[in-house]
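Have a look at the structure below before the remarks.
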Amino acid sequence: MKTVSGFVVLIATLLNAAVIGLIARRLIAVPVGWPRTIALAVVFNALATPVIASVGQAVGAGGPLGAEMDPALVAVVILVIAWLIAAQVVVLVILEALVPTGSLPSPIVAIRGLPARYRRTRRYAEIVAVASRHGLGGYLRRDRPAGAQWEPPSRVASGLREALTDGGVTFVKLGQVLSTRPDILPPAFITELSRLHASVPAAPWSQVRPVIEDELERPIEEVFAAIDEAPLAAASVAQIHLARLHDGREVVVKVQRPSARREVTADLDIVLRLADRIERTTAWGRSLGVRDLARGFSAALAEELDYRVELANMRAVAAQSDEVAVPTPYPEYSTRRLLVMDRLAGAPLSSAGATIRALPEARRRNIAQTLLTTILGQLTSGGVFHADLHAGNILITESGDIGLLDFGSVGRLDRRGRESFSRLLLAVEAQDAPLATDAILDLLIAPSDLDDRALERQVGDLLVRHGGGLGPGGTAQLVVDLMRTVVGHGLTVPPQIAAAFRALGALEGSLQLLDPGLDLVSSARRAAPGLLREQLTPETVQQRAIGQLAASLPMLERLPRRIDRISSALESGDLTVRVRAFAHPDDRSFLTRMTQQIVVALLAGALAIAGTVLVISDTGLSITDQLSLNTFLGFVLLLFAFVLGSRLLALVFYRDTHS
85 MKTVSGFVVL
95 IATLLNAAVI
105 GLIARRLIAV
115 PVGWPRTIAL
125 AVVFNALATP
135 VIASVGQAVG
145 AGGPLGAEMD
155 PALVAVVILV
165 IAWLIAAQVV
175 VLVILEALVP
185 TGSLPSPIVA
195 IRGLPARYRR
205 TRRYAEIVAV
215 ASRHGLGGYL
225 RRDRPAGAQW
235 EPPSRVASGL
245 REALTDGGVT
255 FVKLGQVLST
265 RPDILPPAFI
275 TELSRLHASV
285 PAAPWSQVRP
295 VIEDELERPI
305 EEVFAAIDEA
315 PLAAASVAQI
325 HLARLHDGRE
335 VVVKVQRPSA
345 RREVTADLDI
355 VLRLADRIER
365 TTAWGRSLGV
375 RDLARGFSAA
385 LAEELDYRVE
395 LANMRAVAAQ
405 SDEVAVPTPY
415 PEYSTRRLLV
425 MDRLAGAPLS
435 SAGATIRALP
445 EARRRNIAQT
455 LLTTILGQLT
465 SGGVFHADLH
475 AGNILITESG
485 DIGLLDFGSV
495 GRLDRRGRES
505 FSRLLLAVEA
515 QDAPLATDAI
525 LDLLIAPSDL
535 DDRALERQVG
545 DLLVRHGGGL
555 GPGGTAQLVV
565 DLMRTVVGHG
575 LTVPPQIAAA
585 FRALGALEGS
595 LQLLDPGLDL
605 VSSARRAAPG
615 LLREQLTPET
625 VQQRAIGQLA
635 ASLPMLERLP
645 RRIDRISSAL
655 ESGDLTVRVR
665 AFAHPDDRSF
675 LTRMTQQIVV
685 ALLAGALAIA
695 GTVLVISDTG
705 LSITDQLSLN
715 TFLGFVLLLF
725 AFVLGSRLLA
735 LVFYRDTHS
């Protein structure tokens, strides 16, 4: 008997779960999970019998649940079961709104992820402690408004730089990226973050050699005739070793530190979680869009960790840099963590003071102009440009030849972006505010309520102010002024456009080492007409014209027939214009949802009023000593009102939460 009773309970539980799950999905339109549905059915099944007995006793409906049941008891039981089912559905909807299905991992996944979660929590606590130690804890509070002042900005900026330094390589790189975004950070922060650098000791050869051999899948001696165990340079993610191939060619071996990927991956997860939390809980985080910034930084840093991407970048830049040397990579020896390339003879500009001073002044000026023209050509013609042009990444030989190093950070502009950038250079050269404004609007993302006339006036003022040349170091100020102008009008700067401006800003500092009196803006204006003439050669114009004609040919073929149809309609007076008010699917969907909500609200309100009137009514037939027919019908109507009200709340709150 116990087995039969248990089987009956199981069947009742599964039937209850199926019913409330079906109602939640079909009637309330909420996709609930089955585990919580079954668990809820077990709880309510245990409560059903005492609840039904209590209600039956309260309304005076008696009799056993047998072959000759009291009809009043049957009606009460059905009504109570219906109310219990409705209550379960509402509880399911509330649980789904608070903890959506799939938002929590399964028990097995949760148990397996405990070690990683523990490490992440410990690292997260370390980062928050570092931020608090440097006076930044208050800026993580929920109640800090978006317009709150940084008091004083220099102290907060200094604390941020120190906190990022203590945070490790990932956070140092994050600060370095932010230092190139004057469009989102005040000048005090740009100045402080520009001082960030990662000072780390070189990894011992005993740790580096296994990485090289794992990536080569063979002993080092089979590839290199000799390799220096002491690194030529060491950075936070990789270090450089000089080597010689068996055929005598001198090469450079860039090898990733053994623990770099693991540390960066773990910290990137923290950065993304912190950004998500800051954007959810702080107004200033939402105003800056820190979640999108973190995602862009994470994608860029992930690319830097894959040296196959750097190899492709090196080839792309080399294809459009005839007058500037680019190392030749060796794909057969290069992998995700290992990059082998030719060694360029010379020294970085940052440490080549003696070599630069030994060159004639005219030669130095010519070298600077050649480098500038090459980078502008990458921006306006090639589309692939070196985005990290600080003095350590530009090499100069004793004869005055220029080379580029480190292609982990490379930007890309499509054809429209290159053309818009070229027009912007031409507008700066001609001080043409309308042309410059049009180019800016093509490059950036404009809001729907943009006042383009006001933007044009401010851009014109900017061009006039900088029209006579900026002098040494003035390009960075021009970039800052331009960024502030466009951001002040609500325009969004895409990452690749920010990288292009960043490249020019960093290039100016490098060019100052070659020609201290150089004015990058004036030099760029002189180079711009030549670059634009290259884009307007007969061959280029012909290719673009053919492309445009091919794209427009189908429309041109249909044009005569359409013109004839329109002219005939005009002649006969039958020309009409039909405008569809809700042509977009989103508009129709919005109208449908509004209509549904209004109808459901009216029905629920009418049923609730009618049910309440019947419940409190003292007239009507009595079906038991304590229960009248009007009262029973009133509770039925209230049940329908309750279900419709639940659907209305689901339409309003659940859709908004999960849209």
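The opening residue of the sequence shown carries number 85 in my numbering; numbering runs sequentially from there. For every residue, glycine included, the Cβ atom is placed at its ideal position computed from N, Cα and C.
Cβ of residue i within 8 Å of Cβ of residue j?
| i | j | result |
| --- | --- | --- |
| Ser493 | Ala471 | yes |
| Leu509 | Ile524 | no |
| Val410 | Val401 | yes |
| Ile107 | Ile165 | no |
| Ala287 | Arg341 | yes |
| Met398 | Pro415 | no |
| Gly380 | Pro579 | yes |
| Glu540 | Ala517 | yes |
| Ala309 | Arg328 | yes |
| Gly501 | Pro432 | no |
| Leu244 | Leu220 | yes |
| Arg254 | Val348 | Sequence check: residue 254 is Thr here, not Arg. Result yes, Cβ atoms of Thr254 and Val348 sit closer than 8 Å. |
| Leu163 | Val727 | no |
| Val307 | Leu300 | yes |
| Ala584 | Phe491 | no |
| Ala788 | Leu691 | Nothing about residue 788 can be read from this structure; the chain reaches only from 85 to 743. |
| Gly695 | Leu722 | yes |
| Ile296 | Leu422 | yes |
| Gln462 | Gln542 | no |
| Ile581 | Leu528 | yes |
| Ala322 | Val339 | yes |
| Val214 | Asp250 | yes |
Quick check: what's the CA-CA separation for residue i versus residue j?
| i | j | result |
| --- | --- | --- |
| Ile324 | Ala318 | 6 Å |
| Ala151 | Thr97 | In this prediction, Ala151 has a pLDDT of 44, which is less than 50 and means its spatial position is unreliable; what the coordinates show is noted afterwards. Computed Cα separation, rounded: 23 Å. |
| Met678 | Val697 | 29 Å |
| Arg206 | Asp351 | 12 Å |
| Leu598 | Arg279 | 22 Å |
| His330 | Gln596 | 40 Å |
| Arg420 | Ala452 | 34 Å |
| Arg549 | Arg568 | 15 Å |
| Gly553 | Leu547 | Caution applies to Gly553, whose pLDDT of 48 falls short of 50 and renders its modelled position unreliable; the model cannot decide the point. |
| Leu711 | Arg370 | 57 Å |
| Phe273 | Ser382 | 21 Å |
| Thr454 | Thr439 | 18 Å |
| Leu732 | Val512 | 58 Å |
| Asp535 | Gln515 | 21 Å |
| Thr741 | Ser320 | Residue placement at Thr741 is poorly supported in this model, since its pLDDT is 45, which falls under 50; the coordinates still yield a value, given next. Near 42 Å, if we compare the C-alpha coordinates of Ser320 and Thr741. |
| Ser701 | Leu99 | 36 Å |
| Ala102 | Val175 | 15 Å |
| Val261 | Thr275 | 13 Å |
| Pro122 | Trp167 | Residue 122 is actually Ile in this sequence, not Pro. So the alpha carbons of these two residues sit roughly 18 Å apart. |
| Ile192 | Ala132 | 33 Å |
| Ala209 | Arg203 | 10 Å |
| Ala538 | Leu198 | 56 Å |
| Arg645 | Ser652 | 11 Å |
| Pro148 | Ser138 | Because the pLDDT of Pro148 is 49, which lies under 50, any placement of that residue in the model is unreliable, and the question is left without a value. |
| Phe716 | Ala359 | 55 Å |
| Val661 | Glu641 | 23 Å |
Give the DSSP bridge partners of residue i, in chain order.
| i | result |
| --- | --- |
| Gly487 | Ala409 and Leu479 |
| Asp426 | Val335 |
| Gln323 | Ala318 and Val339 |
| Gly495 | Phe469 |
| Phe308 | Leu329 |
| Ala431 | Ile480 |
| Ser54 | Nothing in the structure corresponds to residue 54, since the chain is present only between 85 and 743. |
| Thr454 | Its beta-bridge partners do not exist; DSSP assigns none. |
| Thr576 | Ile529 |
Can we count residue i as close to the ligand HEM, meaning its CB is less than 7 Å from some heavy atom?
| i | result |
| --- | --- |
| Val355 | Judged by which ligands are present, the structure shown has none, so any question about the ligand HEM falls away. |
Assess contact between the segment 426-433 and the segment 573-586, defined as three or more Cβ pairs (one per stretch) separated by less than 8 Å. Is contact present? Under the 8 Å Cβ criterion, the segment 426-433 does not count as touching the segment 573-586, having fewer than three qualifying pairs.
Specify whether the segment 457-472 and the segment 587-602 touch according to this definition: at least 3 beta carbon pairs, one from each stretch, less than 8 Å apart. The segment 457-472, when compared against the segment 587-602, does touch it at the 8 Å Cβ threshold.
Please confirm if the segment 479-489 is in contact with the segment 386-393, defined as three or more CB-CB distances below 8 Å between the two stretches. no
Counting only runs of 4+ residues fully inside the segment 514-540, write out the alpha helix (DSSP H) ranges in chain order. 517-527
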